[in-house]
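*Asks:* Submitted below is the structure of interest, expressed as structure tokens.
Protein chains in written order, with my numbering: chain A, 1 to 181; chain B, 182 to 368.
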């Protein structure tokens, strides 16, 4: 039975940052897998730069989101079986971990491969490690494995949201939308 | 005041002509030839590992100094193996046809304070352009050290043509830095 009491929603900054990160991750994942196999060309260099700029943006947004969560606590979860709430909680924690770990592993890889990251071509970021070809190859593997994990978690997160919206028909998704039901 | 006098005296003493030595033997193991280029705002460094020079430089007669410099372009290290393969091709150095870069000095001018300016044509990929490099000279442990830079425009030499001509991806200016160590003429 549906109630007419308004559900507590996320704050607008949290909603904005969530969807911005969502768009970035959904662009970054296929871009990363695509650009890696390209032969060297101006286009490849451009895609790599864009990928790095977007990735660092995700890292910055992840930090802002984490900070914002401390300022404005997210709304409490809607009623659901405990195991579902635990899975949702774990997925959210891991998504946060990977929002940091994936861009950081990419930044580390770029440093190890001898390519400093200059955010939007304007802000030079410090190299996290010195140039080291073997470490660069290792970090490439790490970056890829973490991204496979991220893709799986994003799929789970998306499946959960759709399940709540389409099957349970509750307000879970609306809490993350800027407009009301 | 006393300190000023002392300083002036020291400067005077240091300015006395030392026994002039002519440096002619490039020590290519101790020397470095590097370049810095920019790729979408990212500054990257590369180097050439093999080069030769016929030079003479006598600090007492810098205007008589000269250098003929040859760089084996296949010894390039752009900083990444993928790019090292790419720059051998036609759009870049076209190594199959142009394996060597040459610089022949036309004049050397003393700028004062152990700084000098060398001018002359640089020939790269069949194109010659005059370049001007300012360098410093230092003697230490019986060796001469020349440190200098100049900036060339890669597109004037057709380096990185075709789709690589887009300077928003790889910038046109390339800064060349040299650290050359030379021994005196053998008696």
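From the three backbone atoms N, C-alpha and C, an ideal C-beta is built for every residue, glycine too.
Starting from residue 220(B), find everything on chain A with Cβ-Cβ shorter than 9 Å and list it in chain order.
*Replies:* As a first step, residue 220(B) must be located in the second chain, where it is residue number 39. Within 9 Å Cβ-Cβ: 45, 49 and 115.
*Asks:* Using a cut-off of 7 Å between C-beta atoms, extract the partners of residue 40(A) located in chain B.
*Replies:* Locating residue 40(A) in the first chain gives position 40, where the first residue counts as 1. In chain order: 263, 264 and 267.
*Asks:* At which residue ranges does the region 48-130 of chain A contain complete alpha helix (DSSP H) runs of 4 or more residues, listed in the order of the chain?
*Replies:* 82-112
*Asks:* Short of 8 Å in beta carbon distance, which residues of its chain neighbour residue 350(B), apart from the five on each side in sequence? Order them along the chain.
*Replies:* Residue numbering aside, residue 350(B) sits at position 169 when the second chain is read from its first letter. Counting only Cβ-Cβ distances below 8 Å, and skipping sequence neighbours, we find 220 and 221.
*Asks:* Any beta carbon of chain A sitting closer than 7 Å to that of residue 227(B)?
*Replies:* What you label residue 227(B) is simply residue 46 of the second chain in a count that begins at 1. Nearest CB-CB separation between residue 227(B) and chain A: not below the 7 Å threshold.
*Asks:* Leaving aside the five residues before and after residue 136(A) along the sequence, list all residues of the same chain whose C-beta is less than 8 Å from its C-beta, in chain order.
*Replies:* By one-based count along the first chain, residue 136(A) stands at place 136. Excluding positions up to five away in sequence, the list reads 109, 112, 113 and 114.
*Asks:* Give the straight-line distance between the Cα atoms of residue 367(B) and residue 233(B), rounded to the nearest whole angstrom.
*Replies:* By one-based count along the second chain, residue 367(B) stands at place 186. By one-based count along the second chain, residue 233(B) stands at place 52. Each residue's alpha carbon lies about 17 Å from the other.
*Asks:* At least one CB of chain A closer than 7 Å to the CB of residue 350(B): is that the case?
*Replies:* Walking along the second chain from the start, residue 350(B) turns up at place 169. Closer than 7 Å: yes.
*Asks:* State the Cα-Cα distance for the pair residue 170(A) and residue 71(A), rounded to the nearest angstrom.
*Replies:* For the purposes of this step, residue 170(A) is identified with residue 170 of the first chain, where counting begins at 1. For the purposes of this step, residue 71(A) is identified with residue 71 of the first chain, where counting begins at 1. Rounded to the nearest angstrom, the two C-alpha atoms are 26 Å apart.
*Asks:* Near residue 336(B), what residues of its chain come up, given a Cβ to Cβ distance below 6 Å and the 5 sequence neighbours on each side ignored?
*Replies:* Locating residue 336(B) in the second chain gives position 155, counting from the first residue. The answer, listed in chain order, is 353.
*Asks:* In whole angstroms, give me the CA-to-CA distance for residue 128(A) and residue 69(A).
*Replies:* Numbered from 1 along the first chain, position 128 holds the residue referred to as residue 128(A). Numbered from 1 along the first chain, position 69 holds the residue referred to as residue 69(A). Looking at the two C-alpha atoms, the distance is approximately 27 Å.
*Asks:* So, for residue 3(A): in the same chain, excluding its five sequence neighbours on each side, which residues have a beta-carbon less than 6 Å away from its beta-carbon?
*Replies:* Numbered from 1 along the first chain, position 3 holds the residue referred to as residue 3(A). Any reading at residue 3(A) needs caution, since the residue's pLDDT is 49, under 50, leaving its predicted position unreliable; the model's value is listed next. Closer than 6 Å at the Cβ level, and outside the excluded window around residue 3(A), lies no residue.
*Asks:* Helix or strand or just coil, what does DSSP make of residue 46(A)?
*Replies:* The sequence position of residue 46(A) within the first chain is 46, counting from 1. Three-state result, residue 46(A): helix.
*Asks:* Starting from the Cα of residue 93(A), find the closest Cα among 66(A), 103(A) and 118(A) and give me that residue.
*Replies:* Counting from one through the first chain, the residue named residue 93(A) turns up at place 93. Residue 66(A) is the option with its Cα nearest to residue 93(A).
*Asks:* If we cut at 7 Å on Cβ distances, does residue 2(A) have a partner in chain B?
*Replies:* If you number the first chain from 1, residue 2(A) lands on position 2. Only weak support is given to the placement of residue 2(A): the predicted model assigns it a pLDDT of 48, under 50, and the question is left unresolved by the model.
*Asks:* Which whole-angstrom value describes the C-beta separation of residue 365(B) and residue 203(B), a residue pair presumed to lie in contact below a C-beta threshold of 8 Å?
*Replies:* Along the second chain, read from residue 1 onward, the residue named residue 365(B) stands at position 184. Along the second chain, read from residue 1 onward, the residue named residue 203(B) stands at position 22. Confirmed, about 7 Å.
*Asks:* Does the beta carbon of residue 7(A) sit closer than 7 Å to a beta carbon anywhere in chain B?
*Replies:* Your numbering for residue 7(A) matches position 7 in the first chain. No, no contact with chain B.
*Asks:* Helix, strand or coil for residue 236(B), going by three-state DSSP, please let me know.
*Replies:* For the purposes of this step, residue 236(B) is taken as the residue at position 55 of the second chain. Residue 236(B) falls in the strand class under three-state DSSP.
*Asks:* At 8 Å on the CB atoms, spell out the chain B contacts of residue 138(A), in chain order.
*Replies:* Position 138 of the first chain, counting from 1, holds the residue named residue 138(A). Those within 8 Å of residue 138(A) in chain B number zero; the least Cβ separation is about 16 Å.
*Asks:* Which same chain residues end up closer than 8 Å to residue 27(A) when comparing Cβ atoms and leaving out the 5 residues on each side of it in sequence?
*Replies:* Residue 27(A) sits at position 27 when you count from the first residue of the first chain. Only 54 meet the Cβ criterion.
*Asks:* Going by C-alpha to C-alpha distance, which of 228(B), 278(B), 274(B) and 291(B) sits closest to residue 260(B)?
*Replies:* Here residue 260(B) refers to the residue found at position 79 when the second chain is read from its first residue. The residue with the shortest Cα to Cα distance from residue 260(B) is 228(B).
*Asks:* List the residues of chain B that residue 122(A) touches, going by C-beta distances under 9 Å, in chain order.
*Replies:* Counting from 1 along the first chain, the entry for residue 122(A) is found at position 122. Within 9 Å Cβ-Cβ: 222.
*Asks:* Using beta carbons (cut-off 7 Å, strictly below), is residue 118(A) in contact with chain B?
*Replies:* Within the first chain, the letter at position 118 stands for residue 118(A). Interface residue, yes.
*Asks:* What does the Cβ neighbour count give for residue 326(B), buried or exposed, with the cut at 16 atoms within 10 Å?
*Replies:* To locate residue 326(B), count along the second chain from 1; it is residue 145. Label assigned to residue 326(B): buried.
*Asks:* Are the beta-carbon atoms belonging to residue 156(A) and residue 91(A) less than 7 Å from one another?
*Replies:* Counting from 1 along the first chain, the entry for residue 156(A) is found at position 156. Counting from 1 along the first chain, the entry for residue 91(A) is found at position 91. Against a cut-off of 7 Å, the Cβ pair of residue 91(A) and residue 156(A) comes out as a contact.
*Asks:* Note down the Cα distance separating residue 119(A) from residue 269(B), rounded to an integer number of angstroms.
*Replies:* On the first chain, residue 119(A) is found 119 positions in, with the first residue counted as 1. On the second chain, residue 269(B) is found 88 positions in, with the first residue counted as 1. The alpha-carbon separation between residue 119(A) and residue 269(B) amounts to approximately 30 Å.
*Asks:* Under the rule that 16 or more other beta-carbon atoms within 10 Å means buried, what is residue 52(A), buried or exposed?
*Replies:* Residue 52(A) sits at position 52 when you count from the first residue of the first chain. Buried is the call here.
*Asks:* Quick one: using the 10 Å Cβ neighbour count with 16 as the cut-off for buried, is residue 179(A) buried or exposed?
*Replies:* By 1-based counting over the first chain, the position of residue 179(A) is 179. It counts as exposed.
*Asks:* Tell me which residues share the same chain as residue 198(B) and place their Cβ nearer than 7 Å to its Cβ, disregarding the 5 neighbours each side in the sequence.
*Replies:* The count along the second chain starts at 1 and reaches residue 198(B) at position 17. Confidence in residue 198(B) is poor, its pLDDT being 48 and thus under 50, which makes the residue's placement too unreliable to answer from.
*Asks:* Please decide whether residue 344(B) counts as near chain A, where near means a Cβ-Cβ distance under 7 Å.
*Replies:* As a working mapping, residue 344(B) is identified with position 163 in the second chain. Yes, because at least one Cβ of chain A sits closer than 7 Å to the Cβ of residue 344(B).
*Asks:* If the criterion is Cβ atoms closer than 7 Å, does the pair residue 150(A) and residue 98(A) meet it?
*Replies:* The count along the first chain starts at 1 and reaches residue 150(A) at position 150. The count along the first chain starts at 1 and reaches residue 98(A) at position 98. Yes, these two residues count as a Cβ contact at 7 Å.
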